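Just so you know, we're using the working numbering here: the sequence shown kicks off at 272 and counts up by one.
Notes for the one structure printed next.
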Amino acid sequence: MDAYALQSSWDRVSAYGDQVALYFYSHIFVSHPEVRAMFPLSMSNQRDKFVSALGRIVSHADQLENDANFLQHLGRDHRKYAVVAEHYNAVGASLCATLKHFLGPEWDEDLAAHWTAAYQVVARIMVEAAETSEETSPDWWDADVVSVERRTMDLTLLKVQPRHVFRFRPGQSVSMEIPQRPRQWRYFSPANAPRADGSIDLHVQQIDGGQVSPAVVRSLKPGDTVKLGAPIGERLTRRDGDQRELLMVAGGTGLAPLLAVLEQVDNEWTRTGNGPLVHLLHGVRLPWHLYDRPRLKALAQDRAWFDYTEVVSDDASYPGTRGKVGTVAARQVLYGRTAMVCGGPQMVAHTLEQLAAAGMQPEHIKYEHFYYAAAGEHTVAPALSGQETTRDAQQPPPRLAALSDTPLDPGGEVPAQDAGSRRRHGLRIPRSAG
Numbered sequence: 272m273d274a275y276a277l278q279s280s281w282d283r284v285s286a287y288g289d290q291v292a293l294y295f296y297s298h299i300f301v302s303h304p305e306v307r308a309m310f311p312l313s314m315s316n317q318r319d320k321f322v323s324a325l326g327r328i329v330s331h332a333d334q335l336e337n338d339a340n341f342l343q344h345l346g347r348d349h350r351k352y353a354v355v356a357e358h359y360n361a362v363g364a365s366l367c368a369t370l371k372h373f374l375g376p377e378w379d380e381d382l383a384a385h386w387t388a389a390y391q392v393v394a395r396i397m398v399e400a401a402e403t404s405e406e407t408s409p410d411w412w413d414a415d416v417v418s419v420e421r422r423t424m425d426l427t428l429l430k431v432q433p434r435h436v437f438r439f440r441p442g443q444s445v446s447m448e449i450p451q452r453p454r455q456w457r458y459f460s461p462a463n464a465p466r467a468d469g470s471i472d473l474h475v476q477q478i479d480g481g482q483v484s485p486a487v488v489r490s491l492k493p494g495d496t497v498k499l500g501a502p503i504g505e506r507l508t509r510r511d512g513d514q515r516e517l518l519m520v521a522g523g524t525g526l527a528p529l530l531a532v533l534e535q536v537d538n539e540w541t542r543t544g545n546g547p548l549v550h551l552l553h554g555v556r557l558p559w560h561l562y563d564r565p566r567l568k569a570l571a572q573d574r575a576w577f578d579y580t581e582v583v584s585d586d587a588s589y590p591g592t593r594g595k596v597g598t599v600a601a602r603q604v605l606y607g608r609t610a611m612v613c614g615g616p617q618m619v620a621h622t623l624e625q626l627a628a629a630g631m632q633p634e635h636i637k638y639e640h641f642y643y644a645a646a647g648e649h650t651v652a653p654a655l656s657g658q659e660t661t662r663d664a665q666q667p668p669p670r671l672a673a674l675s676d677t678p679l680d681p682g683g684e685v686p687a688q689d690a691g692s693r694r695r696h697g698l699r700i701p702r703s704a705g
């Protein structure tokens with residue numbers, strides 16, 4: 272298997288853009304019509320995922336065996352679509368047909384052998400992961416919708432109750448299918464740490480042009496049954512008992528997974544009297560998007576270890592901190608802290624750039640790559656926090672080196688020192704908090 276041959280040929284094929292996925296799915300549906308029912312009626316989102324995932328796999332072709340996490344995730348995740356081992360033969364045949372169509376005379380015996388060898392590795396890793404996970408977990412979990420709260424004009428807070436034990440870690444994400452949009456799975460992040468009753472809070476932002484989020488916000492109701500996929504993602508999780516201070520940077524509903532981690536920390540302080548200091552910055556465009564303000568303000572008043580800063584970017588009349596939340600985050604105390612960043616692609620990219628420019632080491636900045644990001648670049652795919660994106664918004668942000676700093680609105684005041692700095696200068700933290 273020649274990784275360079277795979278990558279260079281895929282570069283030439285991917286230059287055809289949307290035509291590639293369109294040809295692939297047309298081929299597989301004509302040659303294997305029985306698989307059409309496994310896919311949603313609207314295929315635009317699915318086509319984007321196919322091209323992005325294949326691009327990532329090919330760009331890592333030289334390390335498929337040594338770094339199989341991505342493929343194992345895909346294998347486990349495809350169980351919810353009822354994919355079984357024999358379906359991989361159909362996919363492989365249509366993939367080769369697609370490559371041949373766009374490469375023309377370049378698709379010779381040697382190149383076909385390289386692609387066949389690579390696909391055999393990919394299929395084996397995915398099938399093995401799916402078969403292993405079958406021994407310990409179902410293909411999906413049914414969950415009942417307990418409550419639906421329209422918090423703002425375009426944001427709904429859900430509470431769902433899985434019917435069987437559903438284990439996840441704070442900071443992870445889960446895919447969900449709603450009855451109003453069958454076979455259209457979307458990722459959301461639980462906004463709470465695991466509870467004794469098993470209930471899960473989800474924050475869903477309605478996006479104009481989205482295929483699923485409008486139905487969640489407008490149509491989902493208590494008593495409906497949704498399906499949940501297995502939890503994924505480790506980069507926004509933390510180890511229980513980790514004492515390193517946290518700088519949380521959220522954009523919009525990117526707040527959700529950070530709330531889950533915050534609840535984990537609160538539980539530790541309550542249980543043991545110890546835990547990390549936490550400073551949460553929530554960045555939004557307009558003040559009314561600060562949808563969890565009362566709870567977070569009350570928590571900051573009641574917990575000496577927690578600070579909360581609101582950052583508004585697009586309202587010049589806002590009397591608090593104004594500007595881009597990533598710029599504000601970079602002006603905080605960074606030494607000795609771990610940053611957790613979650614939000615839309617552009618917000619995350621800008622924040623990473625700002626933190627790096629301020630001297631924060633990459634190993635101390637945590638953010639989700641997610642599973643359809645372009646490999647080899649410091650970029651992210653659509654947030655898994657509850658904000659569905661339209662197709663245009665799914666393009667990855669530019670390389671960090673190309674992003675420029677946008678200064679804060681001079682009318683907004685940026686705190687010179689944040690809570691972590693003040694506490695290190697004498698504010699006493701109770702041994703038992705909460």
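We treat Cβ as the ideally placed atom computed from N, Cα and C, and that holds for glycine.
Being a predicted model, the structure only gives us computed values, none of them experimental.
Assigned secondary structure, Tyr589 (DSSP; H/G/I helix, E/B strand, else coil): coil
Over what stretch of residues does the beta strand (DSSP E) that includes Met618 continue unbroken? No beta strand (DSSP E) holds Met618; the alpha helix (DSSP H) holding it covers Pro616 to Ala628.
Out of Glu357, Phe577 and Tyr275, state which residue places its alpha-carbon closest to the alpha-carbon of His303. Glu357
Bounding residues of the beta strand (DSSP E) (the contiguous stretch that carries Phe577): Phe577 to Val583
Who pairs with Gly554 in a beta bridge, going by DSSP? Gly522 and Val582
Give me the Cα-Cα distance between Asp468 and Glu420, rounded to the nearest whole angstrom. 20 angstroms
What residue range is occupied by the uninterrupted alpha helix (DSSP H) comprising His298? Asp289 to Ser302
Report the rounded CA-to-CA distance for Gly682 versus Pro590, giving the unit in angstroms. Reliability fails at Gly682, whose pLDDT of 35 lies under 50, so the model's placement of it is uncertain and the value that follows must be treated cautiously. Gly682 and Pro590: Cα-Cα distance of roughly 8 angstroms.
Residue from Ala601, Phe295 and Ala292 with nearest C-alpha to Ala628: Looking at the Cα atoms, Ala601 is the closest of the given residues.
DSSP beta-bridge partners for Ile471? Val431
Going straight from the alpha carbon of Phe341 to that of His349, what length do you get? 12 angstroms
Within 8 angstroms, strictly: CB atoms of Met397 and Gly363: Cβ atoms of Met397 and Gly363: not closer than 8 angstroms.
Going by DSSP, which residues form a beta bridge with Thr609? Leu517
Can you find the residues in the same chain that come closer than 6 angstroms, C-beta to C-beta, to Trp456, ignoring five residues on each side of it along the sequence? Ser446 and Glu448
Suppose contacts are defined by Cβ-Cβ distances below 8 angstroms. Is Gln482 in contact with Thr524 by that definition? no
Could you tell me the distance, in whole angstroms, from the CA atom of Asp578 to the CA atom of Ala569? The C-alpha of Ala569 is placed about 10 angstroms away from the C-alpha of Asp578.
Here's the rule: buried if 16 or more other CB atoms are within 10 angstroms of the residue's CB, otherwise exposed. What is His474? buried
For Gln476, does the three-state DSSP call read helix, strand or coil? Looking at Gln476 - three-state DSSP - the assignment turns out to be strand.
Determine the contact status of Ala521 and Ala464, defining contact as a CB-CB distance below 8 angstroms. No, Cβ-Cβ distance for Ala521 and Ala464 is not below 8 angstroms.
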